[in-house]
Structures are given as C-alpha cells and as structure tokens.
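In this text, residue positions in the sequence shown follow my numbering: the first is 306, and each later residue adds one.
Report on one structure; see the data block that follows.
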Amino acid sequence: MVYVELRYPVIGATVPSDHGYAMFSAISRVIPEAHNADWLSLETGLVNSRARLRIRVPQDRVPLILKLAGRRLGLSGHRVRLGAPQISLLRPSPSVYARCVTIKNRTEPESFLDAVARKLDEMGVRGEPEIGPRRAFHIGKRLIVGFALKIHDLSDEGSIAIQERGMGKHRNIGCGFFVPVTGSRKMYAR
C-alpha cells in the first residue's frame, strides 16, 4: 500500500500550542470516517504564518481527505481555514525525526529507548534511535508524556516504513509522525 502526504496551508489566527486533539476532532467532524481510522496520521506543529497541516494516508484515501480543502475548522475557540493541499509521495532519508513519540507506560528515557528498539525490530527496520527532550500534552484531562525522537542510519526502505507506519500511540493527533531530516549528525547532546 502506497502512502502519500497532503500538505494543507493553514490560514487564520494563532492556535493553541497543544492543538493536536482539537485538530483531530475538527477533522473528524468534517470526515466522520477519520474518527476511528488507523490509516490516518497528522503532524500538527502550526507555529508560523507558513504553517502547513501535514496528513499521511494510503493513496486510496486521498479523495476522502480532499474534503478538507477550503474548510473552516474550529480549534479550541480558534478558527482556521485550510487551503488546497499539495500531494506528494514520501521520500526516503537516512535520518527521520518525530517531534513527539508516545509509548504506553514508557515515560523514562531508558525504558522508552528499549521500547523503541523493540518496535523497530518488529517493523524489520534497522536504525539508531536518538532520544530528545521529554514532551507532554493533554487529551481532555489526561496528561500524555512522550519524547522527541530521531532515528539515524536508515535504509531507504526502513525510512519509508517508519514514515508510513509511524511509531507509538496518538498518531492521529500528531505523535509518531516522522519527517525526513537533512544530514545525519547527532541532534541531542548526551
């Protein structure tokens, strides 16, 4: 199954920094099929005037996700409008980065890295994980904890597999969404 990425320009006022759940809820109101979808992943880092909402889906789901073009979405009291998306294939990179990866009951760096190694093995992917800063956000009243994560030394196939499948929980609200990184130097000091 081929996955593609849709990048929607986001037009509007500022949005709360912790807006992943609000974005997913707004998308689910427009596209009810997205609510329980395991095929949908979002990157929700809307931080500046050139912000893009990135959505990854299997190629056959593109017509469904195109319903978002031109729509106004409410995000926790903030209104934004999505423009027409650019659609592209995923591109391999020797290193990929996710702003936040969450793995159930893995809130300490050592146990988190052990779980990441197991997940890479389950995917049949060889790579060197590098943990970044701890991240926390809310889903309702629940506090969710994860870590930034970069994975180095990937084959082209491994890079695409991680970008397609993501890693961990909450991919529909912005976690476990890996993007290609240029260069392969270490990101975080030990």
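Idealized CB from N, CA, C, for every residue including glycine.
If you're wondering where the values come from, they're calculated on a predicted model, not measured in any experiment.
Rounded to the nearest whole angstrom, the C-alpha separation of Leu380 and Ile408 is 26 Å.
Within 10 angstroms of the beta-carbon of Glu310 lie 16 or more other beta-carbons, which makes it buried. DSSP places Glu415 inside the alpha helix (DSSP H), whose first and last residues are Pro414 to Met428.
Under the DSSP assignment, Gln391 falls in the beta strand (DSSP E) whose first and last residues are Gln391 to Leu394.
In terms of Cβ geometry, Ile436 and Leu454 form a close pair [threshold 8 Å]. For Gly451, the closest of Val406, Ser464 and Arg431 by C-alpha to C-alpha distance is Val406. Residue state for Leu371 is assigned as helix, using DSSP reduced to three classes. Each of Ile392, Met428 and Val421 was checked against the Cα of Ile370, and the nearest Cα belongs to Ile392.
Shown here, Phe442 sits in a strand according to DSSP, grouped into three states. Setting aside the 5 residues that flank it on each side, Arg439 is surrounded in the same chain by Val450 and Phe452, each with a C-beta closer than 7 Å to its C-beta; the list follows chain order. Inter-residue distance for Pro414 and Ala420 is about 10 Å (C-alpha atoms, whole angstroms).
With a 10 Å radius around the Cβ and a threshold of 16 neighbouring Cβ atoms, Asn410 comes out exposed.
By a beta-carbon distance limit of 8 Å, Arg312 contacts Arg359. Their separation comes to about 5 Å. With a contact defined as Cβ atoms closer than 8 Å, Arg386 and Gly317 qualify at about 6 Å. Going by DSSP, Ala356 is part of no alpha helix (DSSP H) at all; its letter is neither H nor E.
Boundaries of the beta strand (DSSP E) harbouring Arg377: Arg377 to Leu380, taken from the DSSP string.
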